[in-house]
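Here's the structure we're looking at; comments come further down.
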Amino acid sequence: MLILITAIIAATGLYLGLLILFSRYLTLRDKKAFKELKNKYSELIFEAMHNEEKSIVLFERLNKNPKQVSIVSAICKDLLEEVEGDVEKKVKGVLRHPEIKKHYLSYLNSFNNRRKVKGLLYLKDIQTLPDHQEAEVFKLLEHRLHYLSHAGALVILASKKSHLHEKALIFSCQRSEDCRYTVVELLWEYWNNNFVSRESKEKCFQSLLGSESISLEMKALLVRIISTFNEHHFSIYFHEILKFILGSEQNSRNFSFVASLINALGKLRYVKAEKEVIQAFSIKSKEIRIAVIKALVQFKTDNAVYELVKIYKTSTEYLKKEISFIIEHDDELTRQIITSEAKVNLLKN
Numbered sequence: 004m005l006i007l008i009t010a011i012i013a014a015t016g017l018y019l020g021l022l023i024l025f026s027r028y029l030t031l032r033d034k035k036a037f038k039e040l041k042n043k044y045s046e047l048i049f050e051a052m053h054n055e056e057k058s059i060v061l062f063e064r065l066n067k068n069p070k071q072v073s074i075v076s077a078i079c080k081d082l083l084e085e086v087e088g089d090v091e092k093k094v095k096g097v098l099r100h101p102e103i104k105k106h107y108l109s110y111l112n113s114f115n116n117r118r119k120v121k122g123l124l125y126l127k128d129i130q131t132l133p134d135h136q137e138a139e140v141f142k143l144l145e146h147r148l149h150y151l152s153h154a155g156a157l158v159i160l161a162s163k164k165s166h167l168h169e170k171a172l173i174f175s176c177q178r179s180e181d182c183r184y185t186v187v188e189l190l191w192e193y194w195n196n197n198f199v200s201r202e203s204k205e206k207c208f209q210s211l212l213g214s215e216s217i218s219l220e221m222k223a224l225l226v227r228i229i230s231t232f233n234e235h236h237f238s239i240y241f242h243e244i245l246k247f248i249l250g251s252e253q254n255s256r257n258f259s260f261v262a263s264l265i266n267a268l269g270k271l272r273y274v275k276a277e278k279e280v281i282q283a284f285s286i287k288s289k290e291i292r293i294a295v296i297k298a299l300v301q302f303k304t305d306n307a308v309y310e311l312v313k314i315y316k317t318s319t320e321y322l323k324k325e326i327s328f329i330i331e332h333d334d335e336l337t338r339q340i341i342t343s344e345a346k347v348n349l350l351k352n
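Our numbering puts the first residue of the sequence shown at 4, with every later residue one more than the last.
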């Protein structure tokens, strides 16, 4: 009896072992087959972008095998991360094929939210928002699930629907206090929208920064993002806002916003704002004072170096360490200080 039980256990173990090995074999075979299929489609997509006949072959294959649409769209989405200009347009042309479009638009009506997001991101990739779906997508901005709201905003900001852009950004800024990284993505999506003129984008950003419905903390983030676009003419607007704040009695509650403006003016090296930047040092905020120091380092004018030395002589130990650290890592600034009248006062410490 014991021998029989042992034999059964051994046979069961052997069977399970063979089953696992066979399962792994099938998995590896499927992976290999998928990789080969993906490589074939990659070659065909590349040829289709340069040859009309190959384009017909690609689309005929998709018509016969609609389940392989997801493979083609995945390849195209990967390509969009790497290409630009005419090649980007050709890739989007492949993505706009009726069979692919039909596949993803069907996801928009799905009760499965993950599928719905895939459909929305497809619209974002091809920069299209059909008129009959405009209201439905805009309504998603109010959805309780943040990822659905965010996907809806991406579709709007990548599209030609300029009358919805500002509304989508304001709404997203209002509800994204706890998910600020999403605002970064939205602003970059809007900035890269080639359907919108530079002037329209600038007006939209000015409206956002002037909106009373957006918190000062969020406006500080907006300034930081906008300054990364490295457009010098934004400096003029940042300077005007800083002058207005310093001239009002509200600066005591604008610490983060004021600091972000000063950091942006320094980053963009807008020397015309030097007077107001120096004036802002009188505000009793560590965040603002560090921003002033960093901006003066960026300006590197004789007056900026003089003020930097003066700040060093009269500041707390913490700010002295901040300035010393910057000087140690900025050879150009060190040379300017060495040639200034304040050389001994600073370097002997």
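Glycine included, every Cβ here is placed at the ideal spot set by N, Cα and C. As the structure is a prediction and not an experimental result, all values here were calculated from the model.
Val261 and Tyr125 have their C-alpha atoms spaced approximately 39 Å apart. Phe49 sits in a helix when the DSSP states are folded into three classes.
By a beta-carbon distance limit of 8 Å, Glu325 contacts Ile293. Their separation comes to about 6 Å. For Glu87, no alpha helix (DSSP H) encloses it, and the DSSP letter there is neither H nor E. The C-alpha of Tyr240 is placed about 10 Å away from the C-alpha of Lys246. Less than 7 Å separates the beta-carbon of Glu50 from that of Lys57. Rounded to the nearest whole angstrom, the CA to CA distance from Leu322 to Asp333 is 17 Å. Counting C-beta atoms within 10 angstroms of its own C-beta, Cys182 has fewer than 16 neighbours from the protein chains shown and is therefore classed as exposed. By the Cβ neighbour-count rule, Tyr184 is exposed, with fewer than 16 other Cβ atoms within 10 Å of its own.
Straight-line measurement puts the Cα of Ile129 at about 45 Å from the Cα of Leu249. In this structure, the straight-line span from the alpha carbon of Phe114 to that of Asp81 is close to 27 Å.
Its Cα nearest to that of Glu192, the residue Ile228 stands out among Ile228, Ile265 and Met221. Taking every protein chain shown into account, the CB of His242 has 16 or more other CB atoms within 10 angstroms, so this residue is buried. 7 Å or more divides the Cβ of Leu190 from the Cβ of Ala156. The three-state reading of DSSP puts Cys207 in helix, counting H, G and I together. Here Gly269 is buried. Its C-beta has 16 or more other C-beta atoms within 10 Å. When rounded, the separation of the alpha-carbon atoms in Val295 and Tyr110 is 51 Å. With a cutoff of 7 Å on beta-carbon distance, Leu65 and Glu102 are scored as near each other.
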